[in-house]
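*Asks:* Protein chains in written order, with the working numbering: chain H, 1 to 146; chain B, 147 to 1000. Before I ask anything, here is the structure I am working with.
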């Protein structure tokens, strides 16, 4: 099943600082909901372990993340893929940055595709859960960038 | 399950005193082989199933009961994608896990086996079917790797460490999309259309030109469901390197067929494979296609030097990746009728969905034609039939295979036309049924229906439920705005199939006819032992085999020892050996009867010699010292031990002319078939036609739209019943299966190819709690084509699916709703009502009346 999400928010920090934050995996990844750990392979590739679950179906998921696209200071795109509880999830998340006075407007857009056992067993629950997690991520970003 | 049989009100209960007073019907085959000239003592009696004691006491031998020294366990790593390229498989971490002894990957498997043979012609032959996905996966759950470990738990843990990268492809999720070939599953075939053929009989255009009414139905859809047996698939394989033999313990229900697929794939001769299917915990056809897993276990065993490898499928694996029943869509249907509602012609386009790999298919593209006109006198038919592959679980020959989809279509046509013309559902059937005096009835495509009386079955069903009273109640209910419907489903259970129909699919298919083999022997100590050569899964073969042999030898069935299960090293068998196509009572028992008759003849010759009597003066029975042959009217007898002793131990006393007396008698029954006319698609495709007629009264709740069965009757005609108790049990079973399919069970998929019913919580198989009270009736119209008058039964033709759809339509027709899908729930009925209000019905019907034309 495919889940699409997107929105925008404005923060007080300048665009260069926001871009720098978003493209630094050490700063960005801990904001992922239920983050457990991260192993950096190189500047653009890293493996993130997060705790995932729906109801009683719970476990750790390792997401292979790649900082796929960067255009300093206006754009960053992450792509991730991982095996989640007998299924597979792919994730693409892009951030477009615009100056908003002294601050920055962050326009974010993403899509996730989940296939396999998780989608079969809990498909109906995934969309609201994903929405909740995305909200947590964005809230975390806003807090970090304020 | 509550049971309230009113059969005695209609016919004397089988085996009852009243039934005993009925005249015994002499049955003669066309070949004049045998007639019953005496009252049956054992055949036709409702004896308790002898298998039950063994099985309920835990004495059965199922695959998982086997524990062998050094046995390993295999776990499949399965694709979460329905359609994707496999770009990387890494088993490094899994190989290092505790207990793991080896792994298999698709790439490796591709070097170890040849693709399984394909039955289909042309493009079908180009499909490459391997037991594992190699460069590509084509359904969710397809194996891409396997891990073999010392324990099942270790294999399961390690399987999670296998890393697989996929490149998702656009999934093809229905046959209408598949036929457009926008996304191709098998590039080597170049198309998703696995088979196509035109079936035209009579003069369709002339019938439409003369029609008084023409009814058009744009789309009907028969959904996917399965048999969901209690025991999932299971395999143990041992590749004995020293003996160069592969030993299989499986629950495959057609081992002779599996062997023909495994032998070329594994590169071993068929005699190098030992196939053992002993006790099977249900199946109804879908275990026929578990041979890819047999191949994987065999390869793993060979890799590990011949250690046995066990695979026990989990329920989710079974739902995802074993086999489902075929899904079929019926498009652009046109029906011609005369002024009285008699159907004179049907033309339609049918597209069957066989899932990702054909395997037993495209045989289903012809098997439906065994029942081309259903129970009706339809002379002119034009069916454009295609089968496509889709990114779903491959199909298997699920109970009532291929015929039930077609029979459901015909029953929908009957009800839709009835409603369109304002003719009641019983009357339109009465006007169209083949009449009892027309049997044996030759269908437009050359099939010969042996016997039947469908009108009488309808009368019995009506009497069982109190039809007239329900009509009155229905009228009152409708006046109150309640949705109450009465539905009738007439279905056929064609049995003992002619494999020659495979030639219509592929002229080069090396199959035709039908045969079964059996062995009956008197062993060295005078015990009668029967080797079935069949693969029962609850059909009571041991019991009925004992009844038949007992009848021939005139000894109680308890004195007949029937060896359960199939073992290719012990049983006699043919290439048709297996349990499928509702045929054991005809082909299986004919083989057993033939072998028993041979033993009877040998015993008679032996006894006549030993007692210096004439064979005509002998009689068989039980004496003080057990089963014996005696001289009528004289105090001379020999028990079986003494007769066996003469052959096995004390045989110097026998003259040379007795060298052919072995007391070990094999008989092969060959059904009287010829190869069909391939060009005309014409010929007798099956030997017998049992029938079931079901009648249901259903009310749809006005708040929840949940349908509730208020009354249900099932009437069976399987010809002469060998064991009426087993017959009634099979009718109950098929009723449960069909009611579940109609109202609960659906192998549904999401648009991305996620199987949405991969657990029983989601699939909701029917249980005893969901069953209505079942009223059971029967009729016996003996087949003239079987030695015993039996017609075979057990598949049931999905009668409840037809019946429940008919009742739902009857309830909803006043709201302008046509039931166009075989699966209906409270949700879908609510949607149908909502859609109808918006003018967006999923099935549209047009009725053109040309009364003057008639």
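The beta-carbon is built from N, C-alpha and C at its ideal position, and this holds for glycine as well.
Please state whether the Cβ-Cβ distance between residue 543 of chain B and residue 503 of chain B is less than 7 angstroms.
*Replies:* Taking 7 angstroms as the Cβ cut-off, residue 543 of chain B and residue 503 of chain B do not qualify as a contacting pair.
*Asks:* What residue range is occupied by the uninterrupted alpha helix (DSSP H) comprising residue 658 of chain B?
*Replies:* Counting along the chain, residue 658 of chain B falls outside any alpha helix (DSSP H), and DSSP gives it neither H nor E.
*Asks:* Determine whether the Cβ of residue 119 of chain H lies closer than 7 angstroms to any Cβ atom of chain B.
*Replies:* It does; some Cβ of chain B falls within 7 angstroms.
*Asks:* What distance in whole Å lies between the Cβ atoms of residue 527 of chain B and residue 100 of chain B, which are believed to be in contact at a cut-off of 8 angstroms?
*Replies:* In this structure chain B extends from 147 to 1000, so residue 100 of chain B is not present and cannot be described.
*Asks:* Since residue 36 of chain H is in the beta strand (DSSP E), which residue starts that stretch and which ends it?
*Replies:* Start and end: 35-40.
*Asks:* Could you give the DSSP three-state label for residue 803 of chain B: helix, strand or coil?
*Replies:* Note: residue 803 of chain B maps to helix in three-state DSSP.
*Asks:* So residue 292 of chain B packs on residue 223 of chain B, CB below 8 angstroms; how close in whole Å?
*Replies:* Their Cβ separation, rounded to whole angstroms, is 7 angstroms, which keeps residue 292 of chain B and residue 223 of chain B in contact under 8 angstroms.
*Asks:* Just checking: is the beta-carbon of residue 87 of chain H within a distance shorter than 7 angstroms of some beta-carbon in chain B?
*Replies:* Yes, residue 87 of chain H counts as interfacial toward chain B.
*Asks:* Which chain B residues are close to residue 47 of chain H, counting only those with a beta carbon under 8 angstroms from its beta carbon?
*Replies:* Simply none; closest approach about 12 angstroms.
*Asks:* With a threshold of 8 angstroms, are at least 3 pairs of Cβ atoms found where one atom belongs to the region 913-928 of chain B and the other to the region 720-727 of chain B?
*Replies:* No, because fewer than three Cβ pairs between the region 913-928 of chain B and the region 720-727 of chain B fall closer than 8 angstroms, the two stretches do not touch.
*Asks:* In three-state DSSP terms, what is residue 838 of chain B?
*Replies:* In the structure shown, residue 838 of chain B sits in a strand (DSSP, three-state: E or B).
*Asks:* In the DSSP assignment, what residue or residues form a beta bridge with residue 783 of chain B?
*Replies:* For residue 783 of chain B, which the question treats as bridged, DSSP gives the partners B/776.
*Asks:* List, in chain order, every chain H residue whose beta-carbon is nearer than 7 angstroms to that of residue 279 of chain B.
*Replies:* Here the premise fails: no neighbours, minimum Cβ distance about 14 angstroms.
*Asks:* Do you know how far the Cα of residue 638 of chain B is from the Cα of residue 939 of chain B?
*Replies:* Taking the straight line joining both Cα atoms gives about 9 angstroms.
*Asks:* Could you list the residues in the region 217-231 of chain B with a C-beta less than 8 angstroms from some C-beta on chain H, going in chain order?
*Replies:* Listed in sequence order: 226, 227, 228.
*Asks:* What ranges does the alpha helix (DSSP H) occupy inside the region 819-897 of chain B, keeping only unbroken runs of at least 4 residues that lie completely in it?
*Replies:* 870-889, all fully within the region 819-897 of chain B.
*Asks:* Any chance the region 543-560 of chain B sits against the region 919-939 of chain B, with 3 or more Cβ pairs inside 8 angstroms?
*Replies:* Contact between the region 543-560 of chain B and the region 919-939 of chain B is absent, because fewer than three Cβ pairs lie under 8 angstroms.
*Asks:* So is residue 621 of chain B buried or exposed if we call it buried at 16+ other beta carbons inside 10 Å?
*Replies:* Label assigned to residue 621 of chain B: exposed.
*Asks:* Compute the beta-carbon to beta-carbon distance between residue 120 of chain H and residue 902 of chain B, rounded to the nearest angstrom, for a pair I have assumed lies under 8 angstroms.
*Replies:* Rounded, the Cβ-Cβ distance is 6 angstroms, consistent with contact.
*Asks:* Of all Cβ atoms in chain B, is any one closer than 7 angstroms to the Cβ of residue 65 of chain H?
*Replies:* It does not: the Cβ of residue 65 of chain H has no partner Cβ on chain B nearer than 7 angstroms.
*Asks:* Quick check: the region 428-442 of chain B against the region 366-378 of chain B, are at least 3 beta-carbon pairs closer than 8 angstroms?
*Replies:* Yes, the region 366-378 of chain B touches the region 428-442 of chain B.
*Asks:* Indicate whether at least one CB of chain B lies closer than 7 angstroms to the CB of residue 115 of chain H.
*Replies:* With 7 angstroms as the cut-off, residue 115 of chain H counts as an interface residue toward chain B.
*Asks:* Since residue 406 of chain B is in the alpha helix (DSSP H), which residue starts that stretch and which ends it?
*Replies:* It spans 401-412 - the alpha helix (DSSP H) in which residue 406 of chain B sits, taken as one unbroken run.
*Asks:* With which residues is residue 496 of chain B paired in a DSSP beta bridge?
*Replies:* Residue 496 of chain B is bridged to B/476, B/531.
*Asks:* Excluding five sequence neighbours on each side, which residues of the same chain lie with their C-beta closer than 7 angstroms to the C-beta of residue 447 of chain B?
*Replies:* Once the five neighbours on either side are set aside, the close Cβ partners of residue 447 of chain B are 383, 384, 385, 453, 454, 455.
*Asks:* Please report whether the beta-carbon of residue 38 of chain H lies at a distance below 7 angstroms from any beta-carbon of chain B.
*Replies:* Residue 38 of chain H does not count as touching chain B.
*Asks:* The alpha helix (DSSP H) with residue 983 of chain B in it runs from where to where?
*Replies:* Run containing residue 983 of chain B: 972-983, per the alpha helix (DSSP H) assignment.
*Asks:* Are the region 550-563 of chain B and the region 469-486 of chain B touching, with three or more C-beta to C-beta distances below 8 angstroms?
*Replies:* Yes: at least three Cβ pairs fall under 8 angstroms.
*Asks:* My guess is that residue 785 of chain B and residue 773 of chain B are in contact by the Cβ rule of under 8 angstroms, so how many angstroms apart are they, rounded?
*Replies:* Sure, about 6 angstroms apart at Cβ, within 8 angstroms.
*Asks:* Counting pairs of Cβ atoms below 8 angstroms between the region 410-425 of chain B and the region 709-716 of chain B, do you hit three or more?
*Replies:* They touch, by the three-pair rule.
*Asks:* Less than 7 angstroms between the C-beta atoms of residue 380 of chain B and residue 211 of chain B, yes or no?
*Replies:* No, they are not a contact pair.
*Asks:* Within 10 angstroms of the Cβ of residue 104 of chain B, are there 16 or more other Cβ atoms? Answer buried if so, exposed if not.
*Replies:* Because chain B spans 147 through 1000 in this model, residue 104 of chain B falls outside it and cannot be assessed.
*Asks:* Ignore the nearest five residues each way along the sequence and tell me which others in residue 221 of chain B's own chain have a CB closer than 6 angstroms to its CB.
*Replies:* Result list for residue 221 of chain B: 293, 301, 302, 305, in chain order.
*Asks:* List the endpoints of the continuous beta strand (DSSP E) containing residue 764 of chain B.
*Replies:* Residue 764 of chain B -> beta strand (DSSP E) spans 764-769.
*Asks:* Answer yes or no: does any C-beta atom of chain H fall closer than 7 angstroms to that of residue 956 of chain B?
*Replies:* False, the Cβ-Cβ gap to chain H never drops below 7 angstroms.
*Asks:* Compare the beta carbon distance of residue 554 of chain B and residue 974 of chain B with 7 angstroms and say whether it is the shorter of the two.
*Replies:* Taking 7 angstroms as the Cβ cut-off, residue 554 of chain B and residue 974 of chain B do not qualify as a contacting pair.
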